[in-house]
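In this note's numbering, the protein residues as written are 1 to 513.
In structure tokens, the structure reads:
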């Protein structure tokens, strides 16, 4: 890995987050940012030495914000904050989520708005570069006052405590991990404990990764739609550009229709349908695919706008203003991010739902226009893809449950000081499951449509469709007697995940929108 991401006061990009979280890129602190961080820290030191109480510097936290803390107890104050807030429970979250979380917190620390010492930022980056991943748990964040528990589990490792895994994923004592990497534990000074945990970094990191995945999956959905159109002997006329931009100018719809039309170009099956001229309209799951996938695209773009704004933000409480003033605020509230995480879960569920309907149509001899029941080799003896559709339906059903918004819920905490919370972390967690399920749903549509197209021989699919099927057929056999289907589903999912199907298709069509 040769990628290097540089943290400056100007922040980082979504691509930077993906490089560090998913590909293990190194991170460096820009010297100008280090100088700015040190200069701002001088304001905190001056306030800490003064007589005026300042939240998080010389007072307690949350409902204890009015409790003054003597200077002799402030190291203990910061240490106790992190220890007490590292109260997560449940399964561990994924390494890529923890790495994104840490990078995004370091990004805010490097902004010169939090008042930490440079060593705090540099130690966080050293953990990332050493491949040390704090163990963070599924439950603990309410998405307000930041992702407190998840970030506290990370901060605990900076202090030389807590639990963590090494680069190989092995749990080892934190002091041993730090020593092996040449990292000194941090003794937190005034304000630094708060600065390490008051951010929307977990939910933002998961949003950025979901957007990257959905960018790919919405193009894959156009591909599987085009394959299903051919498998079902559908028509391509509804995807003509004059029916979209000029009549209903939603950008996503235009892009999806153009993709599907390009993916169908040159199809012998479509040409045969046109020559036959027996049907005027296809079912909604075919005819309205650009409207649904297009709305998903437009939702992604809205979410991307919110993510970009959040990525440009410096979120902490209290915050250090340009004039050195340290003041409380509510910017840690996760509502802006939580809403779009929920929007994306809704869009993902609907995209999966329409794909499942196309799959079911190919298996029903009354609606498949000449295909055998369930695409079985010997219907009655063989069940074909009957239960693959059951699996798809189960995935879609779960996605519909996951589409119920988390952000409309709020459970007051901290003795009613934190009386309205965003639940953005949980919106992000359920979106991750939804995105994974969407990929599985599309994998089953790919399997089904490829088999349906094979059964249309000697009619040939489009060149793009043939390219997709060729990749699949390297590891998944075509029509024949019933066999163990779970490995085939896993193979199709893997080919979507590694990008090989989409790459092969775009070599034919050019980049899809």
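Yeah, the Cβ is synthetic: ideal placement off N, Cα and C, and Gly gets one too.
- The three-state secondary structure of residue 110, taken from DSSP, is coil.
- DSSP places residue 91 in the uninterrupted beta strand (DSSP E) bounded by 89-92.
- Here residue 356 has 392, 393, 396, 441 as same chain residues with Cβ atoms under 7 Å from its own Cβ, once five neighbours each way along the sequence are excluded.
- Taking a cut-off of 8 Å for Cβ pairs, the segment 211-223 and the segment 236-251 do not touch, as fewer than three such pairs fall below it.
- In this structure, the alpha-carbon of residue 328 lies about 12 Å from that of residue 194.
- In the displayed model, residue 327 falls within a strand according to three-state DSSP.
- A residue is called buried when at least 16 other Cβ atoms come within 10 angstroms of its Cβ; residue 499 does not meet this threshold and is exposed.
- Under the three-state reduction of DSSP output, residue 28 falls in the strand class.
- The criterion of a C-beta distance shorter than 8 Å is satisfied by residue 29 and residue 125.
- Going by C-alpha positions, residue 102 is about 9 Å away from residue 134.
- Residue burial annotation: residue 350 is buried, with at least 16 other C-beta atoms found within 10 angstroms of its C-beta.
- Secondary structure at residue 354: helix, using DSSP grouped into helix, strand and coil.
- Here residue 339 is buried: its Cβ has 16 or more other Cβ atoms, across all protein chains shown, within 10 Å.
- Between residue 359 and residue 278, the alpha-carbon positions lie close to 22 Å from each other.
- For residue 280, the three-state secondary structure derived from DSSP is coil.
- Where residue 75 is concerned, the enclosing alpha helix (DSSP H) starts and stops at 74-85.
- Here the alpha carbons of residue 173 and residue 59 stand approximately 32 Å from one another.
- Membership of residue 302 in the alpha helix (DSSP H) is indicated by the continuous run 289-311.
- Around the beta carbon of residue 318, 16 or more other beta carbons sit within 10 angstroms, so the residue counts as buried.
- In this structure, residue 259 sits near residue 219, with a CB-CB distance shorter than 8 Å.
- Distance from residue 137 to residue 171 at the Cβ level is roughly 14 Å; contact not present, criterion being Cβ atoms closer than 8 Å.
- One thing to note: residue 455 has its Cβ no nearer than 8 Å to the Cβ of residue 487.
- In the DSSP annotation of this structure, the continuous segment of the alpha helix (DSSP H) that includes residue 433 starts and ends at 424-454.
- Short of 6 Å from the beta carbon of residue 504, and not among the five residues preceding or following it, lie these beta carbons of its own chain, in chain order: 467, 471.
- Our two residues, residue 312 and residue 197, have alpha carbons roughly 18 Å apart in a direct line.
- By the C-beta density criterion, residue 180 is exposed, having fewer than 16 other C-beta atoms within 10 angstroms.
- Taking all protein chains shown into account, residue 153 has 16 or more neighbouring C-beta atoms within 10 Å of its C-beta and is therefore buried.
- A residue is called buried once 16 or more other Cβ atoms fall within 10 Å of its Cβ, and residue 167, having fewer, is exposed.
- Residue 205 sits close to residue 21, with the two beta carbons spaced by under 8 Å.
- Boundaries of the alpha helix (DSSP H) around residue 503: 500-509.
- Considering only 431, 131, 474, the residue with the shortest C-alpha distance to residue 347 is 431.
- Between residue 40 and residue 320 a beta carbon distance of about 5 Å is seen, short of the 8 Å cut, so the two are scored as contacting.
- With a contact defined as Cβ atoms closer than 8 Å, residue 82 and residue 155 qualify at about 5 Å.
- In the assembly as shown, residue 108 is a buried residue. Its beta-carbon has 16 or more other beta-carbons within 10 Å.
- A residue is called buried when at least 16 other Cβ atoms come within 10 angstroms of its Cβ; residue 462 meets this threshold and is buried.
- Here residue 187 is near residue 75, since their CB atoms are less than 8 Å apart.
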